[in-house]
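Number of protein chains: 2
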Amino acid sequence: MFAAIEAGGTKIISAIADEEFNIIDKIKIPTTSPSESFGLIRDFLMAYKDKLKAIGVGSFGPIDIDEKSRTYGQILNTPKKGWSNFNIYNQLNKDFDIKITITSDVNASAYGEYAFGLSEDKKSLVYFTVGTGIGAAYIQDGLLIGGRSHPEMGHMIINKHQDDGFKGSCPYHGPCLEGLGSGPAISQRLNKLGEDLDKDDKFWDIEANYLGQAALNTSYMFNPDCIIFGGGVMAKEGLIEKIRENFERLNKSYMDFAPLDEFIIKPKYDGQSAILGCLKLAKESIGE
Amino acid sequence: MFAAIEAGGTKIISAIADEEFNIIDKIKIPTTSPSESFGLIRDFLMAYKDKLKAIGVGSFGPIDIDEKSRTYGQILNTPKKGWSNFNIYNQLNKDFDIKITITSDVNASAYGEYAFGLSEDKKSLVYFTVGTGIGAAYIQDGLLIGGRSHPEMGHMIINKHQDDGFKGSCPYHGPCLEGLGSGPAISQRLNKLGEDLDKDDKFWDIEANYLGQAALNTSYMFNPDCIIFGGGVMAKEGLIEKIRENFERLNKSYMDFAPLDEFIIKPKYDGQSAILGCLKLAKESIGE
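Top to bottom, those sequences are chains A and B.
Heads up, the first sequence is in this note's numbering, so the first residue is 53 and it goes up one at a time.
Heads up, the second sequence is in this note's numbering, so the first residue is 53 and it goes up one at a time.
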């Protein structure tokens, strides 16, 4: 059996699966302190200790995902109280003397979609999650891209829409992609949650323009087989279609792409892709 | 021996080298028609036909670099008269029944710098060439990144500088990176060549802002060990330092980086990196 841990800023999910990725057991807990949260995860996993062959972890970041680093698995500077410098690898390794693979939550989701959600002819993807923040990952031929560590694509530079007076919510960059298009950026700008905003509200044209720019930039950077947009904000009806329209308008026929409804798409396993990705990473980590 | 061909929009260089990458012979010809230009290249290479083990090609593009494609080595739609649909692989394969590897000119340069120019601790790089156009490539652990084909990073979206009234020279996107920061963009804007512009002209702050944005976006996308800026425009004294300043200001301490004079750097083999990259690709293509 294999274990997966998806550690998010508000909740942590852990799952146990068999060799065919059937989920045997699952737990979902709130993210409180590291010791409390990972104490509960430990208790959950201990029941399967003798059967576990490997653990895959996808965590919020920034986190050290370089296996050769002395601080592998360590959460770096995070505004999340108590979590800076907490080392997930060391914590798990105390109780589980098996292979433990650590990556970012976005990388894990991207890997899940890559491994289970793509049609056979596709060998590369960009995966965006648009929610509390905006994260993205790129996978090519099974390899998660990131030189020194996982990417931070959510903070890419984009052009502000002419009808958008919002100054941007990113504490670092103001109007970067995340500062303009994340869930908090929407609610700060409009004083209501995106989910409460009518699907025909003209704001969605602005949001789709920002995500269309993100799609364009990542297309030009990686030339992927497809771009997947997941996360809470993407639940809005009609948004993916609007992103496609904006992408097409911005590209101005410069690059040829697959039909847009096959190129800019929603995740196949939204909400489960990170756990699936962690399980796949765990299984592959021991060469299976 | 190995052969390299660097096919640019204005000139084509070919070189013969031994197993240790010592250049034995070299030719440089103007890029005229495909038949004329590659006729001269053929004549040059024929003198070494019996000794050649493999050929590496870095060509202007867009070009099909997918080895599994039926049109591998074919130049796609290009404004360069007579070159659209010319297939470099087929052309060379008529006379040389050895392994022929085709990539883009920017990929080849990046590969040359990666293979010969990096310090041992660096395993990934972004390579920009800023000249007639702006091209870029990313290499991680020896792998040239690009899903469907080579990237087109020169056309990424950036923010226009508040003091820049130029509408952009890119026929597709207007003010994309290439439309704002390439050599032609400079000369169209200022009615003089960049090389004739004083190094203290305030325009260089604008140029450095654009290239700083490009460095920032690619840092967030790829998280590379270093970013290299080469090409004709980069010959301007002081420009690399100004790019570092802009990068630092735009990053706002969001990501940690190596000391900037080791992170944003100039090529070690400027002007030769593409030929070196082609030779390295040729040698590796036959497993040597």
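Heads up, the beta-carbon is just placed ideally off N, CA and C, and yes, glycines get one too.
Predicted model only: the values in this text are computed from it and were never measured.
Residue environment for GLN214 (chain A): exposed (fewer than 16 other C-beta atoms within 10 angstroms of its C-beta). Residue pairing from DSSP places ASP77 (chain B) in a beta bridge opposite B:ILE68. Interface criterion met: the Cβ of TYR272 (chain A) is under 7 angstroms from a Cβ in chain B. Judged by DSSP in its simplified three-state form, GLN324 (chain A) adopts coil rather than helix or strand.
The C-beta distance from LEU333 (chain B) to TYR163 (chain B) rounds to 6 angstroms, short enough to meet the 8 angstroms contact threshold. Contact between the region 133 to 143 of chain B and the region 310 to 320 of chain B is not established, with fewer than three Cβ pairs separated by less than 8 angstroms. Against chain B, a Cβ distance below 7 angstroms from GLN192 (chain A) picks out ILE197, GLY199.
Among the CB atoms of chain B, one or more fall inside 7 angstroms of the CB of GLU204 (chain A). DSSP places VAL178 (chain A) inside the beta strand (DSSP E), whose first and last residues are 176 to 182. Looking only at A:LEU268, A:LYS120, A:PRO223, the smallest Cα-Cα distance to ASN303 (chain A) is reached by A:LEU268. Membership of VAL158 (chain B) in the alpha helix (DSSP H) is indicated by the continuous run 157 to 164. When C-beta distances to chain A are compared with 7 angstroms, every residue of the region 109 to 137 of chain B stays at or above that value. For SER111 (chain B), the enclosing beta strand (DSSP E) begins and ends at 106 to 111. The beta-carbon of GLN265 (chain A) is placed less than 7 angstroms from the nearest beta-carbon of chain B. For GLU297 (chain B), the enclosing alpha helix (DSSP H) has its first and last residue at 291 to 303. DSSP, read as helix, strand or coil, puts GLN214 (chain A) in coil. Neighbourhood of ASP277 (chain A) in chain B, by CB distance below 8 angstroms: GLY199, ARG200, in chain order.
Contacts with chain B at 7 angstroms (Cβ-Cβ) do not include HIS213 (chain A). In the structure shown, ALA237 (chain B) falls within a helical segment according to DSSP collapsed to helix, strand and coil.
The straight-line gap separating the alpha-carbon atoms of CYS330 (chain A) and TYR100 (chain B) is approximately 53 angstroms. Exposure of MET98 (chain A) is indicated by the presence of fewer than 16 other C-beta atoms within 10 angstroms of its C-beta. With contacts defined by Cβ atoms closer than 7 angstroms, ILE327 (chain A) and ALA56 (chain A) form a contacting pair. Taking each of B:PHE274, B:GLN324, B:GLU259, B:THR270 in turn and checking the Cα distance to ILE292 (chain B), the smallest one comes out for B:GLU259. DSSP lists A:GLN126 as the beta-bridge partner residues of ASN139 (chain A). For ALA260 (chain A), the enclosing alpha helix (DSSP H) stretches over residues 255 to 274. The CB of TYR224 (chain B) comes closer than 7 angstroms to the CB of LYS304, TYR306 in chain A, given here in chain order. Each residue's CA atom was taken as its position, placing ASP277 (chain B) and LEU263 (chain B) some 17 angstroms apart. Contact check for LYS63 (chain A) and LYS80 (chain A): beta-carbon distance about 6 angstroms, within the 8 angstroms limit, so the pair qualifies.
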